[in-house]
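A quick write-up on the structure given underneath.
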Amino acid sequence: MDEFDAIVARLQRHQGVVGVMLVGMEDGMVIAGDAGPGRDSDTAAALATSLFRRTKAASTDAGLGDARFVRLEADRGHVCAAAKGDIAIVTVAGTGINLGKLRLEMLSATELL
Amino acid sequence: MIAGAVSAPWLDAPLRRFVQDSRVQRAIVLHPDGKVLGQFGFSSAVEVMTACALAAAINASGKELGRQLGGRPFLGLHQGGRKQGVFMGSCAAGGKECLLLAAFDRDSTLGLVRLYFAEFRDAVGDMDRRSDTDAEARDLESDLNSSLDALFGPLN
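Taken in order, these protein sequences are the chains called X and G. For what it's worth, our numbering labels the leading residue of the first sequence as 1, then goes sequentially. For what it's worth, our numbering labels the leading residue of the second sequence as 1, then goes sequentially.
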């Protein structure tokens, strides 16, 4: 679990990130981290992985290949997900975040999984 | 749309919503003694009876195992397979314990099923007192009618 916690800690240091979770792609359950203060991590993890799985399926069905990174933009922030194998990295971030940098950091973090 | 049926009207909307939101293939709600209250996705009565009997047995075994191991009965159960998973959770409705058994494939996940089961549990829990009162009223009325029929014969 130390390596998972290290990935969570690394992404949490990114300015504007309020929550980081490693989630099982198969079961949608939290492996490490949390969605941030005042948020239900189990709910966020289940919904984010569901979104990611469906986006992957849609991408494949459309002939675009595998989806590597998904970003959901909402009124008060973003939910981003990237996955490798059976594990997804899900981050919850505020509106003022540098999304390009976060995307690169999340994709490089997936290589550590 | 998955076809289904309920014998308790108060269960229809919460169970329908659970099935739609969680994207499970099949779901069944029963009393711990195996009496079915509602189902979605089953194609025959034999399937429903089999599922109820097995769910009741699993629940009884799981509860006892929980007591033996931790002093408290388990409240939920999940079996994960390569292509299918099964989830069973306990909730209170109408003042009585109910079990929800759901089977799901790769269209859903345990996390989603747990999430929407919590909503289902809250929804039927909110109906606790009202459905209990309704049930008591119905029981009283049907008992009275049965008694009157026995004494005087059917009115029609």
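No residue lacks a Cβ here, since even glycine has one placed at the ideal position from N, Cα and C. As the structure is a computational prediction, the values presented were derived from the model and not from experiment.
Supposed contact pair residue j and residue i - C-beta distance, whole angstroms, cut 8 Å
{"i": "glycine 11 of chain X", "j": "threonine 110 of chain X", "result": "With the sequence shown as reference, residue 11 of chain X is identified as leucine, and glycine is not the correct amino acid for it. In fact, because the Cβ distance is near 11 Å, the residues do not count as touching under 8 Å."}
{"i": "glutamate 26 of chain X", "j": "aspartate 86 of chain X", "result": "6 Å"}
{"i": "threonine 109 of chain G", "j": "glycine 36 of chain X", "result": "Between glycine 36 of chain X and threonine 109 of chain G the Cβ distance is about 21 Å, and since that is not below 8 Å, they are no contact."}
{"i": "arginine 26 of chain G", "j": "alanine 118 of chain G", "result": "With 8 Å as the limit, arginine 26 of chain G and alanine 118 of chain G do not qualify as a contact, their Cβ atoms being about 19 Å apart."}
{"i": "phenylalanine 114 of chain X", "j": "alanine 88 of chain X", "result": "The question about residue 114 of chain X has no answer here: the residues shown for chain X are numbered 1 through 113."}
{"i": "alanine 157 of chain G", "j": "aspartate 33 of chain G", "result": "As shown, chain G starts at 1 and ends at 156. That puts residue 157 of chain G outside it, with no answer to give."}
{"i": "leucine 102 of chain X", "j": "valine 17 of chain X", "result": "7 Å"}
{"i": "glycine 111 of chain G", "j": "alanine 45 of chain X", "result": "6 Å"}
{"i": "threonine 55 of chain X", "j": "valine 70 of chain X", "result": "5 Å"}
{"i": "methionine 21 of chain X", "j": "serine 50 of chain X", "result": "Between serine 50 of chain X and methionine 21 of chain X the Cβ distance is about 14 Å, and since that is not below 8 Å, they are no contact."}
{"i": "valine 113 of chain G", "j": "valine 19 of chain G", "result": "Incorrect: roughly 11 Å between the Cβ atoms, too far for contact."}
{"i": "arginine 68 of chain X", "j": "alanine 82 of chain X", "result": "6 Å"}
Given residue i as reference, the closest of the options once Cα atoms are compared
{"i": "glutamate 64 of chain G", "options": "G/Phe74, G/Ala56, G/Ala55", "result": "G/Phe74"}
{"i": "valine 124 of chain G", "options": "G/Asp33, G/Leu37, G/Gly4, G/Val24", "result": "G/Leu37"}
{"i": "histidine 31 of chain G", "options": "G/Gln84, G/Arg106, G/Leu100, G/Gly85", "result": "G/Leu100"}
{"i": "glycine 41 of chain G", "options": "G/Asp122, G/Tyr116, G/Asp105", "result": "G/Asp105"}
{"i": "aspartate 66 of chain X", "options": "X/Asp75, X/His78, X/Val79, X/Lys84", "result": "X/Lys84"}
{"i": "leucine 47 of chain X", "options": "G/Phe120, G/Asp126, G/Leu115, G/Phe18", "result": "G/Leu115"}
{"i": "phenylalanine 172 of chain G", "options": "G/Gly94, G/Lys96, G/Ala93, G/Gly76", "result": "Only positions 1 to 156 of chain G appear in the structure, and residue 172 of chain G is not among them; the question remains open."}
{"i": "arginine 39 of chain X", "options": "X/Leu112, X/Gly19, X/Thr60, X/Gly63", "result": "X/Gly19"}
{"i": "glutamine 15 of chain X", "options": "X/Leu112, X/Ile97, X/Leu113, X/Ile31", "result": "X/Ile97"}
{"i": "aspartate 75 of chain X", "options": "X/Arg13, X/Gly94, X/Ser59, X/Thr60", "result": "X/Gly94"}
{"i": "tryptophan 10 of chain G", "options": "G/Gly89, G/Ala93, G/Val113", "result": "G/Ala93"}
{"i": "histidine 78 of chain G", "options": "G/Gln39, G/Ile58, G/Ser44", "result": "G/Ile58"}
{"i": "glycine 85 of chain G", "options": "G/Ala13, G/Asp107, G/Cys52, G/Arg72", "result": "G/Asp107"}
Min CB distance residue i to chain X below 8 Å
{"i": "glycine 89 of chain G", "result": "no"}
{"i": "threonine 50 of chain G", "result": "no"}
{"i": "glycine 80 of chain G", "result": "yes"}
{"i": "glycine 95 of chain G", "result": "no"}
{"i": "arginine 114 of chain G", "result": "yes"}
{"i": "leucine 77 of chain G", "result": "no"}
{"i": "glycine 34 of chain G", "result": "no"}
{"i": "glycine 111 of chain G", "result": "yes"}
{"i": "glutamine 20 of chain G", "result": "no"}
{"i": "aspartate 132 of chain G", "result": "Note that aspartate 132 of chain G has pLDDT 48, beneath the 50 cutoff, so the model's placement of it is unreliable and the number below is only indicative. Chain X contact via Cβ: absent."}
Under the three-state DSSP convention, the category residue i falls into
{"i": "phenylalanine 117 of chain G", "result": "helix"}
{"i": "glutamine 12 of chain X", "result": "helix"}
{"i": "glutamate 97 of chain G", "result": "strand"}
{"i": "arginine 16 of chain G", "result": "helix"}
{"i": "serine 22 of chain G", "result": "helix"}
{"i": "alanine 8 of chain G", "result": "coil"}
{"i": "aspartate 132 of chain G", "result": "With a pLDDT of 48 at aspartate 132 of chain G, under the threshold of 50, the modelled position of that residue is not reliable, and no figure is offered here."}
{"i": "glycine 111 of chain G", "result": "helix"}
{"i": "glycine 100 of chain X", "result": "helix"}
{"i": "phenylalanine 4 of chain X", "result": "helix"}
{"i": "alanine 45 of chain G", "result": "helix"}
{"i": "methionine 106 of chain X", "result": "helix"}
{"i": "alanine 27 of chain G", "result": "strand"}
{"i": "alanine 102 of chain G", "result": "strand"}
{"i": "glutamine 39 of chain G", "result": "strand"}
{"i": "leucine 22 of chain X", "result": "strand"}
{"i": "glycine 80 of chain G", "result": "strand"}
{"i": "alanine 93 of chain X", "result": "strand"}
{"i": "glycine 66 of chain G", "result": "helix"}
{"i": "glycine 125 of chain G", "result": "helix"}
Residue-level contact to chain G via CB, residue i, 8 Å cutoff
{"i": "threonine 43 of chain X", "result": "yes"}
{"i": "alanine 46 of chain X", "result": "yes"}
{"i": "glycine 28 of chain X", "result": "yes"}
{"i": "serine 50 of chain X", "result": "yes"}
Interface partners of residue i on chain A, CB under 7 Å
{"i": "glycine 125 of chain G", "result": "Any reference to chain A falls outside this structure, whose protein chains are X and G."}
Ordered list of beta strand (DSSP E) runs contained in the segment 32-89 of chain X, each at least 3 residues: 69-74, 77-84
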